[in-house]
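A short worksheet on the structure shown next.
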Amino acid sequence: MNNLKSHFEIHSRFRNGIFLLSIVLLVAVLGYCFYPKSIQSKQNFVELSEFQHQIDSLKELASQEKNRYRLKPFNPNFISDHKGYQLGLSAKEMDRLQEYRSQDKWINSISDFKRVSKVSDSLLEVISPLFKFPQWKKNSAYLKKKYPVKSYTQKEDLNTVTVEQIQEKVNVPEFIAERIVKYRNKLGGFVSDVQLKDVSGLYDNQRKKMLSIFTVKTPKKIQKVNINKASVDDLIAVPYFTFEMALEIKDFVKQKGSISSFNELGKIEGFSLEKIDRIALYLTLN
Numbered sequence: 014m015n016n017l018k019s020h021f022e023i024h025s026r027f028r029n030g031i032f033l034l035s036i037v038l039l040v041a042v043l044g045y046c047f048y049p050k051s052i053q054s055k056q057n058f059v060e061l062s063e064f065q066h067q068i069d070s071l072k073e074l075a076s077q078e079k080n081r082y083r084l085k086p087f088n089p090n091f092i093s094d095h096k097g098y099q100l101g102l103s104a105k106e107m108d109r110l111q112e113y114r115s116q117d118k119w120i121n122s123i124s125d126f127k128r129v130s131k132v133s134d135s136l137l138e139v140i141s142p143l144f145k146f147p148q149w150k151k152n153s154a155y156l157k158k159k160y161p162v163k164s165y166t167q168k169e170d171l172n173t174v175t176v177e178q179i180q181e182k183v184n185v186p187e188f189i190a191e192r193i194v195k196y197r198n199k200l201g202g203f204v205s206d207v208q209l210k211d212v213s214g215l216y217d218n219q220r221k222k223m224l225s226i227f228t229v230k231t232p233k234k235i236q237k238v239n240i241n242k243a244s245v246d247d248l249i250a251v252p253y254f255t256f257e258m259a260l261e262i263k264d265f266v267k268q269k270g271s272i273s274s275f276n277e278l279g280k281i282e283g284f285s286l287e288k289i290d291r292i293a294l295y296l297t298l299n
């Protein structure tokens, strides 16, 4: 019996050590359970507060930007390049609209807009509520605005008119007026009124109105090029010809011997007669 008891006897120093170790372990466990959590919770709260503040700031900025660029109702017959960009129209969709309008045709409904531009249904659904079509008179077609046609003497010179004057008197957007002046400067001056056809984005009715007020009074002085005798360098001097086209024309004339009509140039692959009336301003046949 004494031997059995001796196996379970612990010296007083060991008992004190075990007791002290137990206290240390208990304190460590309690500290691990409560102290880190309180610090972590506090840190998480601070981080969440900062994150929420950032979200609120971004929402506020988004709201301001939305209000800034909010689109107002507009007539789809007069969509500028900038407006088309804002609406999300592609370049091809804008080209289709401008080509349609250049023929003096009008978009009178959402279905017309869809048919002409071939815009996607998803985009049409977003922008169509903003369409504001003109009020047509009952039982009558849309009446074009008639412009007073001035005499040659009364008209102002198209080669000296400024961007501001074009805007004021023709009522075209600023970027269109700038295009007209920029293209005129590129040519070194208009030779004829017909060259206004080359200004991108200028509708036919706008061009007609402009020519009722302005005309070329001081045409650029040019030396016409004899197309039957011209060198490649001579042909390149014509604003409408690229180097490659000049080579094609030179070869074509050489094969034919000579040409008697500018329309014969239409037989050259890649040559379009669409601008032949403007091209002919710079050329002669003999």
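For the sequence shown, the working numbering begins at 14 and goes up steadily by one.
Heads up, the beta-carbon is just placed ideally off N, CA and C, and yes, glycines get one too.
In this structure, Y253 sits near I292, with a CB-CB distance shorter than 9 angstroms. At a Cβ-Cβ threshold of 9 angstroms, R114 and I123 do not count as neighbours. Burial check for L248: the Cβ neighbour count within 10 Å reaches 16 or more, so the residue is buried. Where E257 is concerned, the enclosing alpha helix (DSSP H) starts and stops at 256 to 269. The three-state secondary structure of V238, taken from DSSP, is strand. In the DSSP assignment, K222 falls within the unbroken alpha helix (DSSP H) covering 217 to 224.
Counting C-beta atoms within 10 angstroms of its own C-beta, F256 has fewer than 16 neighbours from the protein chains shown and is therefore classed as exposed.
The shortest CA-to-CA distance from L215 to any of L294, K242, I92, V266 is the one to I92. Looking from the CA of K237, the closest CA among K168, L298, E112 belongs to L298.
If you draw a straight line from the Cα of D217 to the Cα of K210, it is about 8 angstroms long. In the DSSP assignment, Y196 falls within the alpha helix (DSSP H) that extends over 187 to 200. M107 and G270 have their C-alpha atoms spaced approximately 43 angstroms apart. In the DSSP assignment, Y113 falls within the unbroken alpha helix (DSSP H) covering 104 to 115.
Each of I36, L143, L38, S205 was checked against the Cα of N90, and the nearest Cα belongs to L143. Spanning the alpha carbons of N239 and Q111 requires a straight line of approximately 36 angstroms. In this chain, V251 is not harboured by any alpha helix (DSSP H), its DSSP state being neither H nor E.
With 16 or more other Cβ atoms from the protein chains shown falling within 10 Å of its own Cβ, F126 counts as buried.
Counting C-beta pairs with one atom in each stretch, the stretch 182 to 197 and the stretch 261 to 275 have fewer than three that are closer than 8 angstroms, which means they do not touch. Excluding its 5 nearest sequence neighbours in each direction, V162 has C-beta neighbours in its own chain below 7 angstroms: S225, listed in chain order. In the three-state reduction of the DSSP assignment, E181 falls in the helix class.
CA-CA distance, Y196 to S103, rounds to 24 angstroms. The distance from the Cβ of V204 to that of L294 is about 5 angstroms, consistent with a contact at the 8 angstroms cut-off.
Within the same chain, I226, F227, T228 come within 7 angstroms of K168 by CB-CB distance, once the 5 residues on both sides are set aside. Taking I235 as reference, the option from A259, L200, L43, K222 with the minimal CA-CA separation is L200.
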